[in-house]
Structures are given as structure tokens and as C-alpha cells.
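Trainee: Residue numbering for the sequence shown is 1 to 409, as defined by the UniProt record's numbering.
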Amino acid sequence: MTVISGTQLGDIHIENGRAVAIDETGKGALIALPGLVDLHTHLREPGREDAETVESGSRAAALGGYTAVCAMANTSPVADTAGVVEQVWRLGREAGLVDVQPIGAVTVGLAGEQLAELGAMADSAARVRVFSDDGHCVSDPRLMRRALEYVKAFDGVIAQHAEEPRLTTGAQMNEGEVAARLGLTGWPAVAEEAIIARDVLLAGHVGARLHICHVSTAGSVELIRWAKSKGWRVTAEVTPHHLLLTEDRATQYDPVFKVNPPLRTEADVLALRAGLLDGTIDVVATDHAPHSVEDKECEWAYARPGMLGLETALAIVVQTMGPKWDRIADWMSAAPARIAGLTGHGAAIEVGQPANIAIFDPSVRWTVDPTALASRSRNTPYAGMELRGRIEATYLRGEPTVLNGKATR
Numbered sequence: 001m002t003v004i005s006g007t008q009l010g011d012i013h014i015e016n017g018r019a020v021a022i023d024e025t026g027k028g029a030l031i032a033l034p035g036l037v038d039l040h041t042h043l044r045e046p047g048r049e050d051a052e053t054v055e056s057g058s059r060a061a062a063l064g065g066y067t068a069v070c071a072m073a074n075t076s077p078v079a080d081t082a083g084v085v086e087q088v089w090r091l092g093r094e095a096g097l098v099d100v101q102p103i104g105a106v107t108v109g110l111a112g113e114q115l116a117e118l119g120a121m122a123d124s125a126a127r128v129r130v131f132s133d134d135g136h137c138v139s140d141p142r143l144m145r146r147a148l149e150y151v152k153a154f155d156g157v158i159a160q161h162a163e164e165p166r167l168t169t170g171a172q173m174n175e176g177e178v179a180a181r182l183g184l185t186g187w188p189a190v191a192e193e194a195i196i197a198r199d200v201l202l203a204g205h206v207g208a209r210l211h212i213c214h215v216s217t218a219g220s221v222e223l224i225r226w227a228k229s230k231g232w233r234v235t236a237e238v239t240p241h242h243l244l245l246t247e248d249r250a251t252q253y254d255p256v257f258k259v260n261p262p263l264r265t266e267a268d269v270l271a272l273r274a275g276l277l278d279g280t281i282d283v284v285a286t287d288h289a290p291h292s293v294e295d296k297e298c299e300w301a302y303a304r305p306g307m308l309g310l311e312t313a314l315a316i317v318v319q320t321m322g323p324k325w326d327r328i329a330d331w332m333s334a335a336p337a338r339i340a341g342l343t344g345h346g347a348a349i350e351v352g353q354p355a356n357i358a359i360f361d362p363s364v365r366w367t368v369d370p371t372a373l374a375s376r377s378r379n380t381p382y383a384g385m386e387l388r389g390r391i392e393a394t395y396l397r398g399e400p401t402v403l404n405g406k407a408t409r
């Protein structure tokens, strides 16, 4: 076994939830990574348990090699109070498959009009440190500035869904030649880029932490690169599907490929990969967005945007970026854990560290079958695709949640 992001190679011995020895036996066929951490997961509970629950989403995460996930706030009721974030946190603890860290809403009801109880959520049992209205943009610049100023007091972070809503009214897919040919209203890249430009300036002015969700355009990468060159506290994420898929997938009007932000061009995909490699983009996050059959298997215009991602993420990243294991450990474990403030996650596999570990078999070939996924939903864009590499085992503090490629419970 090859141990990645550690000091030695070989078999890992676990005792009382921690690595106690790593035998120097040389490289093996399996890859041991620090347990993956997803900075952007939709678990739907409370309110949309028909699409996903904390338990089913946690199981999908464990099967994908994750030991921690950050659950977005767009539930029903919205996670905009201490009570709701504590409910999600406790559901995660009861499931016991991954550590579920709630993300709190920035504004009440995601309405973009009034700040939510940021301080109360930060002081709650869930210890919320990341806040996002994901699915909605905090479009009011004055409110965004206030949010950045507020969370700075406890080193929190605002994770922005970058979309100027007045530029995306009725938008269905990426604006361009393909949208024009299909007769679908276009979603311009500038709608994302305009908000990023505004918000990195605000973050620089305030001196607060800003995280950009699901970056999708080449222009966005350039803006984030510029912001980082200024020394501003800006981080960013890209999804596996934006690293692989392009707008051409929409040509058959299959709503499984409808996502927010939309799939872009091949040039954008290449720019995102380059941005990940050069450190402009810090994190690969799934934006796992389960939807019921009724919300997805319908006409394109009426379908909800979003894709499953937890069980396929690692294989897609290896396919698109290559087996750069140390970099993958950073993109999918260390960096997201650091941004979210998750102690005990993201650390190198070393003696004395918590045994949060994912074992990946890069030799396995498997075909994605939506009905075989752990999620309650079936909206994977990779249905029928052959992927190489799959999680063999996942350990959460030394306890197996996945063995032989199957959930232990």
C-alpha cells in the first residue's frame, strides 16, 4: 500500500482511533489518502428527505472516501438559526458515517435581505464557521460587506454563490453557440465574474475570508488569481463535473446535465484544470445535489439544477487531473478541512494522527449505475460511464465505514 501525504510507505496500524505504526514495506497496489473532506454537499434534510437524508448522504460520502462533509444551508427550514444547524449536526452524529459540519445561511431564509443569526450559529454546538446562501447569491453589496465584517470577528468565512441574478433571469445553460442552436436562454459567464470581481474587492477592503463556490469560467480563474496576488484572503473551489463535462452534453436536452452554474466550454474546462494545478483554485468540492425523480426527469426548462457527486468524485479527479496523489490529498482533504476549520481532518497519515483514512484501488474499473448508488436520488451525469479507480475502504477515527467497497452499515 502506498501512503500518501505521510512520511513513510507501507501498512497502517490503527489503535484507539489513531495511526500507531506505518510499516516501511514499500509501494503497493492500493493508495491510502487522508479521509476526504467535502466543502460543498447538499444533504436536503430537513425538508426534502425524498431526495436525500443526512444518513443516506453520509453513506454515499463514506463510499466516496469522505470522512467529513459540509452540509449546505438550503434545507426546509433553512439552516439560518442555531436550532436548525444543531439539528443537522446531531443527525450527522447519529448516522456516524462521516462528520457532518453544517454550513449556516448568510441571510434569513436565503432571501438576501437580512443577515441570519451568524453569531448564534457560530456559538452553537455545531460551531459553524462557514456561511453560504448557496443556490442564491448574496447580491446586495452592502449586505455582503456586513456579512464579511461580522464573520471576521471569529475567523469565519463567507462562501459565495457567484451569480448576478439580474443577468441570469430565465437562464437555462451556458450562453453561447450551443444555447442559441438549442433555443435555450443563455447564462453568461459575466454573471459569475461580476460578482467575483466585486466580492474579492470587498474581502480585500474588509480583510475578511471569502470563499468562491463552484468556479466555472476562465474569467473567474483570472479574477481569483489576481485577488490572490494582492494577498487577499480568498479561496475557491471547482467541482468534478466542471473539470470534465462541457455544454455539449446538453444537446440532447437531458436534464441530468442541467446544473448551477451551467456546464461551460472546453476552454473553460482547461482553464479550471490549469487554475487547480497552479493553486489559484484551492479545493475540489462535489456540490452533491440530489433531486427526486419528479424534479429531474421532466422537461429541461422545469428540471431542478444539480448533480450527484460524492461516490464518483475521486475517480473523476484522477481521470481529469492524473494520479497526482499528494496534490489530490491537498485539494480534497487538507485544503477543505483547513478552510472549514475541521480539526482532526485533512492531516497527513502519520503516527499519532487521527485515523481518518480512505483506501483507493486505482486498478478497479466500474460502470456507474444510478440504481446502485447509496443516494436516495439517481441524477448522476456519469450513468453508464466506465470509471477507473474506486474506494476500497474508509475509516473514521479508526472505525471502518466502508470495507471491500461496501458500506459497513
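A virtual CB, placed ideally from N, CA and C, is assigned to each residue, including glycine. These figures come from a predicted structure and were not determined experimentally.
#1: Within a Cβ cutoff of 6 Å, which residues of the same chain sit near E297, ignoring the five residues on either side of it in sequence?
#2: Can you tell me the Cβ-Cβ gap for G104 and V85, rounded? I've got them flagged as a contact below 8 Å.
#3: With a CB to CB cut of under 7 Å and the five nearest residues on each side skipped, what residues in its chain are close to A218?
#4: Could you give the distance in angstroms between the alpha-carbon of S76 and the alpha-carbon of I12?
#5: Which residues share a DSSP beta bridge with D287?
#6: Specify the secondary structure class of R365 as computed by DSSP and reduced to three states.
#7: Considering just the uninterrupted stretch of the alpha helix (DSSP H) at I158, what are its terminal residues?
#8: Classify Y150 as buried or exposed, calling it buried when 16 or more other Cβ atoms lie within 10 Å of its own Cβ.
#9: To which residues does DSSP link M144 through a beta bridge?
#10: Would you mind stating whether A159 and L39 have Cβ atoms separated by less than 9 Å?
#11: Of the residues M332, T401, S124 and V178, which one's Cα is nearest the Cα of Y253?
#12: Excluding sequence positions up to five away, which residues of its chain have a Cβ less than 8 Å from the Cβ of M385?
#13: Round the Cβ separation of M332 and V317 to the nearest angstrom and send it over; I've been treating them as touching at under 8 Å.
#14: Going by the beta-carbon positions, is the gap between I281 and A334 smaller than 9 Å?
#15: Return the bridge partner residues of K406 from the DSSP annotation.
#16: Taking buried to mean at least 16 other C-beta atoms within 10 Å of its own C-beta, is L403 buried or exposed?
#17: Between the Cα of T265 and the Cα atoms of C137, A189, M144 and V128, which residue gives the shortest distance?
#18: Grouping DSSP H, G and I as helix and E and B as strand, with all else coil, what is W89?
#19: Grouping DSSP H, G and I as helix and E and B as strand, with all else coil, what is T107?
#20: Applying the criterion that 16 or more other CB atoms from any shown protein chain within 10 Å of the CB defines a buried residue, is K258 buried or exposed?
#21: For E163, tell me which candidate among S220, V234, V54 and A147 has the shortest Cα-Cα distance.
#22: Can you tell me whether Y302 is buried or exposed, with buried defined as 16 or more other CB within 10 angstroms of its CB?
#23: According to DSSP, simplified to helix, strand and coil, what is D50?
#24: Verify whether the separation of the beta carbon atoms of A126 and W89 is less than 9 Å.
#25: Quick check: V98 and A61, are their CB atoms within less than 9 Å of each other?
Mentor: Considering the structure as presented:
#1: none
#2: 6 Å
#3: A267, D268 and A271
#4: 42 Å
#5: According to DSSP, which records beta bridges pairwise, D287 is partnered with nothing at all.
#6: strand
#7: Looking at the DSSP string, I158 is not in any alpha helix (DSSP H); the run it does join, the beta strand (DSSP E), is V157 to Q160.
#8: buried
#9: Paired residues: none, contrary to the question.
#10: yes
#11: V178
#12: T367 and V368
#13: 7 Å
#14: no
#15: L403
#16: exposed
#17: A189
#18: helix
#19: strand
#20: buried
#21: S220
#22: exposed
#23: coil
#24: yes
#25: yes
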